[in-house]
Amino acid sequence: MEFSELIKTATVENVLLSCAGLPAVKGTLCITSHHLLLSSCPGGDGQAGTVELWLLIRNVDAVEKRLANSSGTITLRCKDLKVLQLEIPGMEECLNIASSIEVRFWVGSEPGPSHARVQRLAGESGRLQWLEAPPILWGSPSSGCPPSLAPQAMLRSSQPLTGPNRKRCREDETLLGTVLDEGERGFIIDTRSAQAAKQARMTGGGTEPKSSYPQWRRLHRPLERGRPLQESFIKLVDACNDTAINMDRWLNRLESCRWLSHVKAALSTACLAAQCMDREEANVLVHGAEGTDTTLLVTALAQVILDPSCRTLVGFQGLLEREWIEAGHPFHLRCARSAYSHARLKQEAPLFLLFLDCVWQLSRQFPFSLEFSECLLLTLFDNAYASAYGTFLCNNEKERCLCKVKENTHSLWAWLNQPGERKKYLNPLYLPNALVIWPSVEPQSIQLWQGLFFRWIRSSQYLDEAWAEIQRKVGSGLVQQINKKHQNWVCVCHLENNDWLLRFQPVQGQT
Amino acid sequence: LEFILTTRQEQVKLLDRFSTSNKSLTGTLYLTATHLLFIDSSQRETWILHHHIAAVEKLPLTTSGCPLVIQCKNFRIVHFVVPRERDCHDIYNSLLQLSRTAKYEELYAFSYNPKQNESEQVKGWQLIDLAEEYKRMGVPNSNWQLSDANRDYKICETYPKELYVPRTASKPIIVGSSKFRSKGRFPVLSYYHKNKEAAICRCSQPLSGFSARCLEDEHMLQAISKANPSNRYMYVMDTRPKLNAMANRAAGKGYENEDNYSNIRFQFVGIENIHVMRSSLQKLLEVSGTKGLSVNDFLSGLENSGWLRHIKAVLDAAVFLVKAIAVESASVLVHCSDGWDRTSQVCSLGALLLDSYYRTIRGFMVLIEKDWISFGHKFSDRCCQLDGDPKEISPVFTQFLESVWNLTEQFPQAFEYNEAFLLQIHEHVHSCQFGNFLGNCQKEREELKLKEKTYSLWPFLLDEQKRYQNPLYNPDFSPELTLLEPNTVSFNFKFWRNMYHQFDRSMHPRQSVFNLIMNMSEQNKQLEQDIKELEVPIIATAVFIVLF
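Here it is, written out as structure tokens:
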């Protein structure tokens, strides 16, 4: 059934839209197959209405309706954490709109080709293509390592199926054996506690016993996953939205949601993996249970820490494509619902958000070392949860093949990498840094990602203006001016001892 | 010098208190008359002023030697290991003696010699002129005048000599009111808002007990409200929690009875007293100093310390004050118990929010001179400059700086100064290297002849002001008298890592945006200079070619 058939009321006039921190707007509400639009002008022919809202219906996480007299209020809680209120005159219209949105996201939750039909946004260019990233089985950062270092490999997998009877698998032992030379040692980082790994044996899983893998040393670093992680996310967003709470209550809720503990644990484990490679010069195998959640969190983060090529805009996209999308992080299941949904949780867990948060922490501690800005991380979060692009659709490559995602949808990367768009996501302070970036993981150094969790709650006007000022200042405007004015002299920037230096020198050939 | 039992100790280890690898630096420790100095094997120097030492602790002997932990008032904590216990004991005893001072004249400021001649010294002290500052605010004027009532510190020992009061407040009213106020601190002008014609006034609590009244004091408040032609109502802000104020009534002190004063609106704002603040900071430091701390222990420790709650309370009070002036054009009288701690915090923060001048480097110096130094915030007692009553120590001024830091975080372009400026002021409030913060009030400072015997901090800060400039500062952000309206929602208050872990290098971001931008602006300026210099020979050469 086409969704358009389910739309009972397509347009409603005189709807009042309000959103925290913005002035309320009155306009015409229109519901299409994929979007909810609100135009502030009545919009006669030839008269361009100012579009105030262009909301992807898939972005809606929860709908609440309240009826009073002859009108109704619909509260839309979105997956990108914004909260919108629509005051709709007419009880029937209100109910119809609400049910259309609800139906839409139930239909939308079914996996399958129905997703693939994606609207083209206004102004989108037709030149779209998929970023071709070759599938890499071993995420080896050797390409970016200084040549003096022997290249180490980082491997990832799922848990071995040792089971309750401690089964062995010669082929698996040989495979891991081939990675190490004689006498060499490797590290297995298990993202579950020793206890949990042991318990997994009862259900056919398990972990590598020392006796069968003598060259490998196993380290357990339990990371939160699944439902507790989703609940942590829900609790944090809940606390952030409660702007009236006092300081004690705020700190208490920030603590009890444990989100920052998860950030610290993820960063620490990624540092451990990176340390094994960089300091111990050993190969590392990372796994949890399925190898599609916490495993990817650790391997992807460790690569950002170790490998400068993962810190460029293109390199980071490649990393996501390789370590998250192709590695089979089940985006469809994990990001089906965001923090507002009251639906019963199934497989939702914000592992990808946790990864983005950790990258943001790195960007705070090393503001010059990432080529991309916070804006990219926010866009990735938004698109992982609701997107007009096919990049984060489905749970793995096989599903994407079956749904013909590549044929039927557009790639987010192609959109981001258009010259006009790309600029938005660049960090003006970026300076390529060949070194490993070791973050501080002390609680005093870990911050709440305000740009994400408070994006729709507090005005960021002054911070945005300051950021624009930084961009303006660093935009080498003066340097260029000088070069233009004084053509015999050239100004060059270079990096020395982690400091920017500008040098003024005559153009070659001049005296 | 007689206290120094040992002047040099080799093979001392300096441990990093947060490093996980237990790395240490080995070097030599020296004790001088004013500093402790540690030079490690790569010749890096760590200087610690004796006055900065808050506590020295000798831990039980370990296999590698005798550990000695030194806690400083600037929140530096150093952990030495001295090979032999006897030597450690000598250093410990020397430091105990050296860090304790019984007389002002023994403080570093009296021996510090920055190689300035006498006229430079005098000029340095004249840099901040409060009379000039009141003139800038627009007083004296038809409603406010300079009173000479306190010329010889007769009415109030802890106030400055020059006080501004309403023109209608006659000398008997002043004298009468001062007798009805704790420590004689009667209501005087702290800040005058030209555009609104409204004033921030400050005083101490009234000696009202359960029923006492004082007609002169009532007249004094009336005079203040009459001095404001825009609004005849005035606010009286008692910055204490109501319970504390009530308890004071039993001791013959207390707060204003609204029935006795006409046209006042009375308001409690609930900032805790110096003892609560002291123990709150103590708890905060215990938490932040824990090694291998988990996020949850940190957050629950932060909550239990109450520190951020107190910072929020101070800023909330300032916001309340500012709203009364900016929105209602009403004058506000602020007091606490003695009117030198919470009152200084709220008045100075209020003025900072109202007047962009105080957001400039020089303006901030003026603000501190006015609301803190001249009005008798007891720097000596609160910062423990002399060996004294530990119950008098309290981080009231630190809280003020932290509140300002929180504002700079919310308004990155509104302040001419940066975090380093705030940290440097904090450093010198405790260093006793300059005369500004010595003593508890102006009278005491005059008696100590500080202006002759010591130097003022401000010219030194101005000399190196490049270091303290906020590269993002935009003077157009807030033209004169533009109000800053901070959002004091709880999540906007953050732990000030660079204050409490200033010296724990491993905890800081490895790269600083501010430094980068400052370097770039600096280099751009240099470039322009270079170009000018280079252009001269080019033109000269061209002229030369043309001529010949």
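As you go down the protein sequences, you meet chains A and B in turn.
Just so you know, the numbering used here puts the end of the first sequence at 579, numbered straight through with nothing missing.
Just so you know, the numbering used here puts the end of the second sequence at 1587, numbered straight through with nothing missing.
Glycine included, each C-beta is placed from N, C-alpha and C at the ideal position.
Query: Nearest-angstrom Cα distance between A/W122 and B/I1400?; Result: 46 Å
Query: Please name the residue or residues paired with B/A1237 in a DSSP beta bridge.; Result: B/H1232
Query: Could you give the residue range of the alpha helix (DSSP H) that holds A/G383?; Result: 381–388
Query: Using a cut-off of 7 Å between C-beta atoms, extract the partners of B/K1281 located in chain A.; Result: The contacting residues do not exist; B/K1281 stays about 17 Å from chain A at best.
Query: Between which two residues does the alpha helix (DSSP H) carrying B/Y1539 extend?; Result: 1536–1539
Query: What would DSSP say about B/Y1294, mapped onto helix, strand or coil?; Result: coil
Query: Can you find the residues in the same chain that come closer than 7 Å, C-beta to C-beta, to A/S211, ignoring five residues on each side of it along the sequence?; Result: Summary for A/S211: the model assigns pLDDT 34, below 50, so the residue's position carries little reliability; its value from the coordinates is reported in the next sentence. S377.
Query: Is there a Cβ from chain B that is less than 7 Å from the Cβ of A/A88?; Result: no
Query: Round the Cβ separation of B/I1109 and B/V1121 to the nearest angstrom and send it over; I've been treating them as touching at under 8 Å.; Result: Actually they are not in contact, since the Cβ atoms of B/I1109 and B/V1121 sit about 12 Å apart, beyond 8 Å.
Query: Within a Cβ cutoff of 6 Å, which residues of the same chain sit near A/I204, ignoring the five residues on either side of it in sequence?; Result: Residue placement at A/I204 cannot be trusted, given a pLDDT of 31 that sits under 50; the coordinates are not used to answer.
Query: With DSSP run on the structure shown, which of helix, strand or coil describes B/D1515?; Result: helix
Query: Taking beta-carbon pairs under 8 Å, can you tell me which members of the region 296–308 of chain A lie near chain D?; Result: No chain D is present in this structure, whose protein chains are A and B.
Query: Compare the C-alpha of A/K133 against each of A/F436, A/A221, A/L335, A/E161 and name the closest.; Result: A/E161
Query: When you compare the region 454–461 of chain A with the region 386–404 of chain A, are there three or more beta-carbon pairs, one atom per stretch, that lie closer than 8 Å?; Result: yes
Query: What separation, rounded to the nearest whole angstrom, lies between the Cα atoms of B/G1177 and B/K1210?; Result: 22 Å
Query: Determine the DSSP secondary structure at B/K1200, reduced to helix, strand or coil.; Result: coil
Query: Whose CA, out of B/H1091, B/Y1230, B/E1196, lies closest to the CA of B/A1170?; Result: B/Y1230
Query: Helix, strand or coil, according to DSSP, for A/A490 in the structure here?; Result: The sequence as given places Arg at residue 490 of chain A; Ala does not occur at that position. Residue state, collapsed to three classes: helix.
Query: Kindly list, in the order they appear in chain A, the residues whose Cβ is closer than 8 Å to that of B/R984.; Result: Outside the displayed range of chain B (1040 to 1587) lies residue 984 of chain B, so it cannot be described from this structure.
Query: Just reading off the beta strand (DSSP E) that A/D375 is part of, what are its end residues?; Result: Run containing A/D375: none; DSSP gives neither H nor E here.
Query: Which residue wins for smallest C-alpha separation from A/A18, given the options A/T360, A/T380, A/F434, A/A368?; Result: For residue 18 of chain A there is no data in the structure shown, the boundaries of chain A being 69 and 579.
Query: Closest to B/N1132 by C-alpha separation, out of B/E1311, B/T1046, B/H1416, would be which residue?; Result: B/T1046
Query: Taking the alpha carbon of B/L1070 as the point to measure from, which residue in B/T1447, B/N1513, B/G1331, B/E1084 has its own alpha carbon closest?; Result: B/E1084
Query: What span of residues does the beta strand (DSSP E) with B/C1111 cover, start to end?; Result: 1105–1111
Query: Starting from B/P1245, follow its DSSP beta bridges and name the residues at the other end.; Result: B/R1220
Query: Report the residues of the region 1490–1520 of chain B with a CB closer than 9 Å to any CB of chain A, ordered along the chain.; Result: P1510, L1511, N1513, F1516
Query: Could you tell me the boundaries of the alpha helix (DSSP H) in which B/A1390 lies?; Result: 1381–1393
Query: In the region 1312–1327 of chain B, which residues sit with their C-beta less than 7 Å from some C-beta in chain A, listed in chain order?; Result: S1327
Query: Let me know the secondary structure DSSP gives A/A30 once reduced to three states.; Result: Not covered by the structure: residue 30 of chain A. The range shown for chain A is 69 to 579.
Query: Out of A/R286, A/L494, A/L90, state which residue places its alpha-carbon closest to the alpha-carbon of A/N351.; Result: A/R286
Query: To the nearest angstrom, how far is it from the Cα of A/A88 to the Cα of B/W1164?; Result: 51 Å
Query: Do we get a CB-CB distance below 7 Å when we pair A/E537 with the residues of chain B?; Result: yes
Query: Are there three or more Cβ pairs, one per stretch, closer than 8 Å when the region 1500–1510 of chain B is compared with the region 1456–1469 of chain B?; Result: yes
Query: Is the region 505–523 of chain A close to the region 442–451 of chain A, with three or more CB pairs under 8 Å?; Result: yes
Query: What residues in the region 311–325 of chain A bring their beta carbon closer than 9 Å to a beta carbon of chain B?; Result: T311, A312, I313, N314, M315, D316, R317, W318, L319, N320, L322, E323, S324
Query: With distances taken Cα to Cα, identify the nearest neighbour of B/H1469 among B/K1052, B/C1111, B/A1094.; Result: B/C1111
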